[in-house]
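One structure is given below, encoded as structure tokens.
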Amino acid sequence: MFQGLLIDRHEGQQTAAVTALDDAALPEGEVTVRVAWSTLNYKDALAITGRSPVVRRFPMVPGIDFAGTVESSADPRYAVGDRVVLNGWGVGEVHWGGLAERARVPGRWLIPLQAPFTLRQAMGIGTAGYTAALCVLALERHGLTPAQGPVLVTGAAGGVGSVAVALLARRGYEVAAVTGRVQEADFLTRLGARQIIDRAEFAQPGKPLEKERWAGAVDVAGGQVLANVCAAMRYRGTVAACGLAAGMAWPASVAPFILRGVTLAGVDSVMVPTADRLLAWQRLADDLDPALLESLLREISLEQAITVAPELLAGQVRGRVVVRIGGEH
Ligand code: NDP
Numbered sequence: 008m009f010q011g012l013l014i015d016r017h018e019g020q021q022t023a024a025v026t027a028l029d030d031a032a033l034p035e036g037e038v039t040v041r042v043a044w045s046t047l048n049y050k051d052a053l054a055i056t057g058r059s060p061v062v063r064r065f066p067m068v069p070g071i072d073f074a075g076t077v078e079s080s081a082d083p084r085y086a087v088g089d090r091v092v093l094n095g096w097g098v099g100e101v102h103w104g105g106l107a108e109r110a111r112v113p114g115r116w117l118i119p120l121q122a123p124f125t126l127r128q129a130m131g132i133g134t135a136g137y138t139a140a141l142c143v144l145a146l147e148r149h150g151l152t153p154a155q156g157p158v159l160v161t162g163a164a165g166g167v168g169s170v171a172v173a174l175l176a177r178r179g180y181e182v183a184a185v186t187g188r189v190q191e192a193d194f195l196t197r198l199g200a201r202q203i204i205d206r207a208e209f210a211q212p213g214k215p216l217e218k219e220r221w222a223g224a225v226d227v228a229g230g231q232v233l234a235n236v237c238a239a240m241r242y243r244g245t246v247a248a249c250g251l252a253a254g255m256a257w258p259a260s261v262a263p264f265i266l267r268g269v270t271l272a273g274v275d276s277v278m279v280p281t282a283d284r285l286l287a288w289q290r291l292a293d294d295l296d297p298a299l300l301e302s303l304l305r306e307i308s309l310e311q312a313i314t315v316a317p318e319l320l321a322g323q324v325r326g327r328v329v330v331r332i333g334g335e336h
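Numbering-wise, the working numbering comes out as the position in the sequence shown, counting from 1, plus 7.
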């Protein structure tokens, strides 16, 4: 038996509780992992609160990522004692996830823990941080360099946003951070933001084309925010869009794309091929200062994941939330 957070649904009512789970109930997979750390991502908060249909099979252990140690393996790539990391692949949505002491997954979903990170640091980064790295790589794939001009990051005080600010600043980009929490200006400046912009400036419908300001953008918001970001992109600028914190629907015009050659680069973290995952983790290893990472972290217990989830959806959580499970470093 092992402890895990279990979500269940009866007659339309969702429950979430930490409970004892049977090993026999673990899903199929070649590798069983003793989970040391997991995290609370936006999607996990949606799953735990039931606010969006993230979970597609019940009962479900949520947690779209985990880091831990291999307990048993029928995959030749992994041996007992290896330290591994998982992000995405539908874990915590259709396959039992990381918010439990034990997880079982197909070996091809795992990657080895990347140097120089500890298991705790890997989950301090978590899917949010790894997505931030995917966004930066997407911008660069479309030709962005620091010389081209400032780069905007929305939701900058959140998980994806804070890591994106840090990664971009470290590469020499001039970063403008959009936040609804201007009281976090010092925090964002420490991460490397040169300019702090109130989110309210992006909340109202604007013109199809605004003054050209941004050479690149990482957007976690979607909705009206993304429409306004696109309208203010410089000629041939690129927006990496990964989130929907402001909404799924997107009231935009095609003007930035057909008149300014702006590129909208979609970023998904769930089904990314392993080679690209390793590139993103390499970028994190190269550019994310461990001391800065530590300053982003709030550590909570498995039980607290249930109460912190609504706080995260309310935009009250700064940086990243790491969940202590087994708790090794
Ligand atoms: P967090 O909750 O940590 O951060 C989201 C941030 O967005 C908030 O902290 C807040 O930042 C900002 N925000 C909240 N509400 C609004 C709003 N109405 N308008 C504009 N900004 C808002 O979540 P994560 O960083 O973990 O995830 C961010 C988004 O990215 C989510 O939508 C998530 O689903 C998505 N995501 C997508 C992935 C993918 O594979 N495509 C992977 C990971 C995340 P502030 O207070 O600074 O304004």
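From the three backbone atoms N, C-alpha and C, an ideal C-beta is built for every residue, glycine too.
DSSP beta-bridge partners for residue i?
i	result
Pro119	Val91
Leu251	DSSP, once it has assigned bridges, lists no residue as partnering Leu251.
Trp44	Ala74 and Arg331
Val160	Ala184 and Val225
Gly11	Thr26 and Ala107
Arg325	Beta-bridge pairing links Arg325 to no other residue.
Asp205	Thr186
Ser80	Val38
Met240	Trp221
Mind reading off the beta-carbon distance from residue i to residue j? Whole number of angstroms is fine, and I expect it under 8 angstroms.
i	j	result
Val225	Cys142	4 angstroms
Ala110	Val92	Not quite, the Cβ-Cβ distance comes to about 11 angstroms (not below 8 angstroms), so this is no contact.
Gly199	Ala176	2 angstroms
Arg201	Gly187	Not quite, the Cβ-Cβ distance comes to about 19 angstroms (not below 8 angstroms), so this is no contact.
Leu291	Ile132	6 angstroms
Is residue j closer than 8 angstroms to residue i when the C-beta atoms are compared?
i	j	result
Leu216	Ala262	yes
Pro3	Gly36	Look at the range of the chain in this structure, 8 to 336, and you will see that residue 3 is not part of it.
Val345	Cys237	Given a span of 8 to 336 for the chain in the structure shown, any question on residue 345 remains unanswerable.
Ser59	Leu106	no
Leu251	Gly223	no
Asp82	Met130	no
Thr56	Ala316	yes
Val68	Leu12	yes
Ala164	Phe194	yes
Leu144	Ala183	no
Leu319	Val328	yes
Thr76	Ala43	yes
Arg243	Arg220	no
Ile332	Glu78	no
What do you get for residue i, buried or exposed, if any count of 16 or more other CB atoms within 10 angstroms of its CB means buried?
i	result
Leu309	buried
Gly70	buried
Val274	buried
His102	buried
Glu301	exposed
Gly166	buried
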